[in-house]
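Take a look at the structure set out below.
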């Protein structure tokens with residue numbers, strides 16, 4: 506005997522129910538695997554937490570996803586485009602800002618490649634200083650240089666002082682411009698200016714083999730929290746350097 510066809514509404518309810526059951530089963534498998542990972546002490550806890558968060562976000566997107574025509578998406582897209590200001594982070598180079606359509610954009614990875622000694626670290630440090638000076642939070646992850654080296658370079662740039670003079674601690678000699686200002690006085694002035702304009706928005710982290718992507722993600726979240734910033738607030742993360 507032929508069964509009567511169900512209504513479109515009933516069919517959609519069945520679809521929704523089947524999808525929900527499938528997602529619940531997938532969630533149970535994820536949680537079972539997470540328990541094993543949590544008990545594995547050789548696996549960094551940060552990596553386990555990030556994997557679990559990614560799996561949860563993926564399931565959440567699948568649970569909420571419904572097909573929607575572009576026609577219906579155009580209105581909210583145009584509203585955001587015309588009313589929300591771009592949150593791109595400007596660089597110290599107008600030419601580069603033009604190439605990057607306004608500066609560095611959130612959610613994008615920019616890789617700087619050049620031969621050794623070409624000035625990659627100096628260029629990225631300038632990017633970081635400029636962004637911090639313009640009130641953008643910056644997290645500088647250094648796998649090569651120490652905090653002291655980077656701060657010395659920053660004060661050198663801010664005061665126009667040869668970094669070698671700072672490293673040598675030459676305090677009682679006149680500077681190379683012949684002005685009767687002691688290097689120490691210039692150093693203190695440059696340090697004060699650097700701290701006030703850049704230091705309040707710049708955090709330098711000395712990284713090592715245990716500084717994984719999961720650890721950096723946690724540092725970004727903590728940085729936002731320490732400055733009372735919303736979760737979607739842009740943070741410029743500079744990693745020096747990446748072994749590709």
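Residue numbers (our numbering): 506 to 749.
Beta carbons are placed, not taken as given, at the ideal position from N, Cα and C, and that holds for glycine.
**Asked** Sorted by chain position, which residues of the same chain lie with C-beta nearer than 6 Å to residue 513's C-beta, five sequence neighbours on each side aside?
**Response** none
**Prompt:** Hey, residue 551 and residue 647 are a contact pair by Cβ (cut 8 Å); roughly how many whole angstroms apart?
**Reply:** About 19 Å; that fails the 8 Å criterion.
**Where residue 575 falls: helix, strand or coil (DSSP)** = helix
**Message:** Quick check on residue 704: buried or exposed, where buried means 16 or more other Cβ atoms within 10 Å of its Cβ?
**Reply:** buried
**Request:** Report all residues from its chain with a CB closer than 7 Å to the CB of residue 725; omit the five preceding and five following residues, and keep chain order.
**Result:** 644, 740, 742
**Request:** Note down the Cα distance separating residue 634 from residue 694, rounded to an integer number of angstroms.
**Result:** 17 Å
**Asked** Got a sec? Which residues, its chain only, sit under 7 Å from residue 636 by beta carbon, not counting five neighbours each side?
**Response** 594, 643, 741.
**Message:** So for residue 741, helix, strand or coil by DSSP?
**Reply:** It is a strand residue.
**Cβ-based burial, residue 706 [other Cβ within 10 Å; buried from 16]** = buried
**Request:** Might you give, ordered along the chain, the residues of its own chain that have their beta carbon closer than 6 Å to the beta carbon of residue 684, omitting 5 neighbours on each side?
**Result:** With a pLDDT of only 49 at residue 684, under 50, the local geometry of the prediction cannot be trusted, and the value read off the model is given with reservation. So the list is empty, once near-sequence residues are dropped.
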